[in-house]
Amino acid sequence: SATSAALRGSLDRVKAMQLAISRTPNAPGPLDKQLHELRQNLLDLDEALNGNRSKQAIGEKDSPTVQNRLSTAVSGTRLSTYGPSPMHRRSLEIAKTELGTIKAQLKQAQEQEIPQLEKAMAEAGAPWIEGQPLPR
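Take 4 as the starting number for the sequence shown in the numbering used here and just add one per residue.
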């Protein structure tokens, strides 16, 4: 989905920021902490959207994710002449709500938190990060 792709892009951006901050001459400090918190928030969004990959790898049960709920809702209309049941409708409703929350948090990270942190890193002497405008 578009949300998954945008989330992956943000996680890749944070990974590039981690590399840049490791090459910054200043000692670790508040920027490292902010970057760690940002990465953790994005990983939490990924888990809410896609589930816990560690649990999935070994086949362990996990809490329902947005993807699970959407699959349940879709299964109610596939090969059915009756249409979706109340459970399928409720599953879709929950998925919409959860996805809306995830999208809002991701948008805030992409439009506010990442640019602000990149600016602070540049002011601290961090090297250029791929995807940023060319330095002057």
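We put the CB at the ideal spot given by N, CA and C, even for glycine.
| Asked | Found |
| --- | --- |
| Beta-carbon contacts of residue 76 that lie in its chain and below 8 Å, excluding the five residues immediately before and after | 87, 91, 92, 94, 95, 98 |
| Range covered by the alpha helix (DSSP H) that runs through residue 101 | 89-111 |
| Proximity of residue 132 and residue 13 at Cβ, strictly below 9 Å | no |
| DSSP-derived helix/strand/coil call for residue 45 | helix |
| Nearest candidate by alpha-carbon position, reference residue 28, set 18, 129, 72 | 129 |
| C-alpha distance - residue 100 paired with residue 69, whole-angstrom precision | 9 Å |
| Where residue 53 sits in the DSSP three-state scheme | helix |
| Burial state of residue 109, where buried means 16 or more other Cβ atoms lie within 10 Å | buried |
| 8 Å Cβ shell around residue 123 - same chain, five flanking residues per side excluded | 34, 37 |
| Separation of residue 105 from residue 78, as counted between CA atoms | 23 Å |
| Identity of the residue in 89, 113, 67, 125 nearest residue 53 by Cα | 67 |
| With 16 other Cβ atoms within 10 Å as the buried cut-off, status of residue 56 | exposed |
| Contact set for residue 65: own chain, Cβ-Cβ below 6 Å, skip 5 residues either direction | 54, 55, 58 |
| Spatial distance of residue 135 from residue 80 (CA atoms) | 44 Å |
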